[in-house]
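Contents: one structure, followed by commentary.
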Amino acid sequence: ALPDCRLLPQVGFHLAALWSWGLELMEQHSQSTMLLGIVIGVFLALALIGTTIFFVYRRVSQFRQVQPSPQYRFRKRDKVMFYGRKIMRKVTTLPHTLVGNTAAPRQRVRKRTKVLSLAKRILRFKKEYPTLQPKEPPPSLLEADLTEFDVKNSHLPSEVLYMLKNVRVLGHFEKPLFLELCKHMVFVQLLEGEYIFRPGELDNSIYVVQDGRLEVRVQDSDGTEVTVKEVLAGDSVHSLLSILDVITGHAAPYRTVSARAAVPSTILRLPATAFQGVFERYPETLVRVVQIIMVRLQRVTFLALHNYLGLTTELFNPVRQPLLPQGAGQQTVVRPVLSGSRDLASFWLLPADPGGSRAAVCGPLPKRSHPVLLPSVHEEVAAKLSQAQAGIQASSAPAGATSDLRMVCDRARVLPPTEERPGGAVASKSKKNVVAETPSAVLPNLDGTLDESVASKKTDSILRAATQDLLTLMKLDDPSLLDGRVALLHVPGGTVVLKQGDQDTSILFVVSGLLHVYQRKIDSEEDTFLFMARPGEMVGQLAVLTGEPLIFTIKANRDCSFLSISKAHFYDIMRRQPAVVLSVAHTVVRRVSSFVRQIDFALDWMEVEAGRAIYRQGDKSDCTYIVLSGRLRAVIQKDDGKKRLAGEYGRGDLVGVVETLTRQARATTVHAIRDSELAKLPEGALNSIKRQYPQVVTRLIRLLGEKILGSLQQGAAAGHQFGFHTVGSKWDSGNPASNLSTVAVLPVSEDVPLTAFTLELRHALSAIGPALLLTSDSMKQRLGSAALDSIHEYRLSSWLGQQEDIHRIVLYQADGTLTPWTQCCIRQADCILVVGLGEREPGVGELERMLETSAVRAQKQLALLHRQDGPAPARTAEWLNMRGWCSGHLHLCCPRRVFSRRSLPKLVELYERVCQRPPDRHSDFSRLARVLTGNAVALVLGGGGARGCAQVGVIRALTECGIPVDMVGGTSIGAFMGALYSEERSYSQIRIRAKQWAEDMMSMVRTMLDLTYPITSMFSGAGFNSSISSVFKDRQIEDLWIPYFAVTTDISASAMRVHTDGSLWRYVRASMSLSGYMPPLCDPKDGHLLMDGGYVNNLPADVARSMGAKVVIAIDVGSRDETDLTNYGDALSGWWLLWKRWNPLATKVKVLNMAEIQTRLAYVCCVRQLEMVKSSEYCEYLRPPIDGYGTLEFSKFDEICEVGYQHGRTVFDIWGRSGVLEKMLQDRQGTSKTKASDVSA
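So in UniProt numbering the end of the sequence shown lands on 1241, straight run, no missing numbers.
Pasting the structure below:
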């Protein structure tokens, strides 16, 4: 027991030691765990901080980088389809030898074909059509040349070049004559403030500033001098009217105009007397120069002052001018008339005519005892000229260079000299039948007291005396020149002798009585009295000299007798004695007011070479330009540096007026597309006119308002490249091609029947206005083989400009290679028409490749020819992708004669017979003619569901009434119906296909199968896609016969989209995708989501207008919202509405539900746009009575279609009776040109 007791303390000691060691071990372990936890926590904190910094840095870097193009996610099903089709393409291209050798059984080949066919169906393997590649206009279209007028590199001396650049009359001389004139030029050195001429000094020189600056000043009525023009280096100071005074021998001193040097200057002076020596040796050149001066007076001075500033009476001198020499003038005329027993009024008295005013016409005295009433003078003069021109043969002139007299006759639209044209004897014989060899007056024997012989003697005495006075006034040496060419006419009071705008005019020499001259105001239908032509005075000679239409109306307010010389007879006299134009032109100048002579000094007649800028964006606005010939293009540069086409200006357009009137910097850069002639009206001259005639300010405010309003109305369609134009009368504005004067026609290959094409196009253009066809052969026949040489450059330019004056449009048929004539065609073209064969493989010809490499500024269009019995157009995208930027394309279904392989003489003979018939306005060539001349008619169809079936009936009425359609566009159901019309052009086929589609829309089985879970839409869209694609197959928009566009709503970009190319069925389907019913369609081009176009533009007439239509026929079939809704106050209870709806005794209320409110919100902007379209001048709005039909009532197709047809027939019949159709198809530019038959040079 004792040892056990000794062991107890030891055991306790060991237990205590073990316990202490355990405690120590536990303490050490807890410390290491704590350290480990701290380390782990620190590590996690660092990792979290690093991750946060990494993600923040990555996000910041993404923001700093340029946003990349979106990467679209595709479903797995789409990926399988994509790679499956890729494999299928490779398998189908494998050779048959990989499947088996030639000895293998055919069964293996058939199995392979079946497997491939099954795989194609599973993978939906279809032919992929090339998409149209978007292209920007080339730099040559948007950028003006940086170089200015090149003097150093010219082969002419600088002083000669300056003179030729400024005085455009000199460019019409032959080179030896021009250089002979330049020998008379002298230099004048001026100090600052020194005058080069003052009032009172003789006005007989032309001044060109070679160095320095001149100020042209005009004295106001109070004697103060006002600067109207600053003349810089290279510009000139001269008046063509003053030159004409010197030529005619009536040089006059300066009255109110002076010029002084603002800085030390060097001036080039050409005395006008130098012209006299040239004209004595070359009298035909004199005739040409006088005509050019008269054309300048009428087309430049009067155009600027009357058409744009509204001046009328201020342009003419109402005071009688002493024109005849003393003792031979008025007295000689009046003496035989008043020397009788009876007074003049009773002598010429005619019985009343219930049918209108009548006149006696000179001619042999008829063998009868009773008076016969003859046609009115106006009709008589027109009849004479039409008979005289009936002898013109449409054959070419003989070979050799044209003479100045021939050019003058062409300019005036009269017969060429008899010996210069084939069949001259026949024409001369017919001319003798117009006016008798010895004319006399028909004097009716009213009271029986005068015998025929007595009347004849008095008539002969009057005629002899008046003819003698006319010989003196015209300074004719040979009295026989008037034999057979003068008619003594008498008209009773109230007769309109000649009307404003008449082309076939005459020179009238008043014998007795008075002729009153009136001019229509520019802003109203009222006529303003200008002046009176008294006995011994001429009237109407300006229009005869220029060949332009008459600018005023000549009326006899009381009985009047006068001598009349028709235009054809006057030019016959001028051919025998050219100097007669001097005396006749002098009578015109004496009638012009002193104010016009002042402005003639301020106005500049300038030429701009192709590519030169007349001003640049940001320049100071100090003048306004009027386009006389050629074409200009306006380009605007945006803030991002990109340039955009802002507009084009043609003949007669006003350029830069808005900036000049508002004194703002130039908003655009305007440069010449081709060689152009302009009239320049300086700001100083405009201010002087405003001070002198305050009424001009009202006209300028109106003009400015029209310009601004035009730009605002075009703002909705600003996406189109030619959206900026002025507003004029109805259907007269907003048209890019309205002022095309020249079109060059180029072939893609030698297989193109270019001659037949141009002849067919010229025939179609004859319905719009006179058309001229120029070829290399015809140019050689007319102007000689050396006409294209550089030495004749100015004369050729003058002759071609003259052809543009007298023709509505000129066609230039180019050669098959890049010859000098082809280069001339391209240089003169406002538009280049490239012609190819649609049935051939797409390609680019050698001539077109050369064209692509050169800086061509004219817009280019592609025309593809198709046979009548050939396939439909296809592969248009390939044609367009192969070439540079094209402004448009057209498909032409050609008559069989176009592809007939006839020789050139037989082809010309064939088209001579064809031109005897009027062209078919529904043919594709007539459509091309209207597009080129800016007279296109567009059909726009609106959206409205089943109510759109009425559009099929309206199309039938359009066809039956003969209304052509040149462009089709639509929204929603209108896009569908419009696509059918553009593809078929046959009403029967349109109706069949539209009705079949409407029946498919009523299929309940197909509708139920297309239902889906309504997250995006109620229907998946697969069934609807199938119905649309079954109608249009794989047709592309660019392959349609008629130009077509569809409107959709891009909800990705929140914008309106206009589709003019791509898959037809896809964009029609997108335009019909109602929100909630159909899912948006993904655009295959950019992946944007497209919805129904009715949300932004349910009747896109403005889009058609911006694309070149002159008039738009818009058919609206949209639903009309109720406006008589219940006024429920400030709050609305749904329980109250439920009670009103279910209680049969309660009064019904009209309150919109949520869906209707959302729908109306979606269509708010569409309704506003519709109201603007309805009130626009260019739109003819139609709405059939289809309000009673629902949006989905396709089962009533026949009924709705008949409603549309009956409404269309009623409206179009009214249009026909009221003249709306005639105005719709009338050319806006053709009123000033004769409706003569076509001319083929």
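Where a beta carbon is used, it is the ideal one built from N, C-alpha and C, also for glycine.
| Check | Outcome |
| --- | --- |
| One or two residues paired with Lys643 in a DSSP bridge | Gln637 |
| Nearest-angstrom Cα separation, counted from Leu754 out to Phe867 | Contrary to the premise, residue 867 reads as Arg rather than Phe in this sequence. One C-alpha to the other measures close to 15 Å. |
| Residues bridged to Ser205 (per DSSP) | Pro271 |
| Nearest to Arg288 (by Cα), restricted to the options Gly249, Gln802 and Thr495 | Gln802 |
| Beta-carbon proximity check, Ile826 vs Lys860, cutoff 7 Å | no |
| Exposed unless 16 or more other CB atoms sit within 10 angstroms - verdict on His1207 | buried |
| Segment contact, 8 Å Cβ cut-off, at least three pairs: the region 799-817 with the region 653-662 | no |
| Three-way DSSP call (helix, strand, coil) for Phe43 in this model | helix |
| Contact between the region 277-297 and the region 637-650 (3+ Cβ pairs under 8 Å) | no |
| Cut-off 7 Å between Cβ atoms - residues of its own chain near Asp502, not counting five sequence neighbours on either side | Pro549 and Leu550 |
| Beta carbon of Ser564 nearer than 7 Å to that of Ser480 | no |
| Residue interval of the alpha helix (DSSP H) (run including Val908) | Leu904 to Val914 |
| Val1036 in three-state terms, based on DSSP | Per the sequence presented here, residue 1036 reads as Gln, with Val not at that position. The answer is strand: DSSP assigns Gln1036 an E or B state. |
| Sufficient close CB pairs (3 or more, under 8 Å) joining the region 831-848 to the region 573-588 | no |
| Cα-Cα separation between Met538 and His490, rounded to whole angstroms | 16 Å |
| Simplified DSSP assignment, three categories, for Ala777 | According to the sequence as given, residue 777 is Asp; it is not Ala. Three-state DSSP puts Asp777 in a helix. |
| Alpha-carbon spacing of Ser1106 relative to Ser986, whole angstroms | 27 Å |
| Exposure label - Asp1187; buried when at least 16 CB within 10 Å | exposed |
| Cys182 versus Gln276: straight-line alpha-carbon distance, rounded | 14 Å |
| Contact check, Ala1070 vs Leu1040, beta carbons under 7 Å | no |
| Residue(s) in a DSSP beta bridge with His866 | Cys893 |
| Where Lys458 falls, given that 16 or more other Cβ within 10 Å makes a residue buried | buried |
| Cα-Cα separation, residue 1247 to Ile87 | Any property of residue 1247 remains undetermined from this structure, which presents the chain solely from 1 to 1241. |
| Reduced DSSP secondary structure (H/G/I, E/B, other) of Ser566 | strand |
| Beta-carbon proximity list for Glu750, same chain, < 6 Å, skipping 5 on both sides | Gly816 |
| Assigned exposure category for residue 1255 - 16 Cβ within 10 Å defines buried | The first residue shown for the chain is 1 and the last is 1241, placing residue 1255 beyond what the model contains. |
| Segment contact flag, the region 1076-1096 with the region 968-978, C-beta cutoff 8 Å, min 3 pairs | yes |
| Contact under 7 Å by Cβ, Leu488 with Leu471 | no |
| Given 8 Å, three or more beta-carbon pairs between the region 1013-1022 and the region 934-948 | no |
| Distance CB(Lys680)-CB(Tyr625) smaller than 7 Å | yes |
| Three-way DSSP call (helix, strand, coil) for Leu1182 in this model | strand |
| C-alpha distance - Arg699 paired with Ile522, whole-angstrom precision | 9 Å |
| Three-pair Cβ contact test at 8 Å for the region 953-966 versus the region 994-1009 | no |
| Length of the line joining the Cα atoms of Val381 and Gly494 | Low confidence applies here, because Val381 scores a pLDDT of 37, under 50, leaving its location unreliable and the question unanswered by this model. |
| Euclidean distance between Cα positions of Pro1144 and Ala1104 | 51 Å |
| C-beta neighbour in chain C for Arg857, strict 7 Å | Absent here is chain C; the protein component of the structure consists of one chain. |
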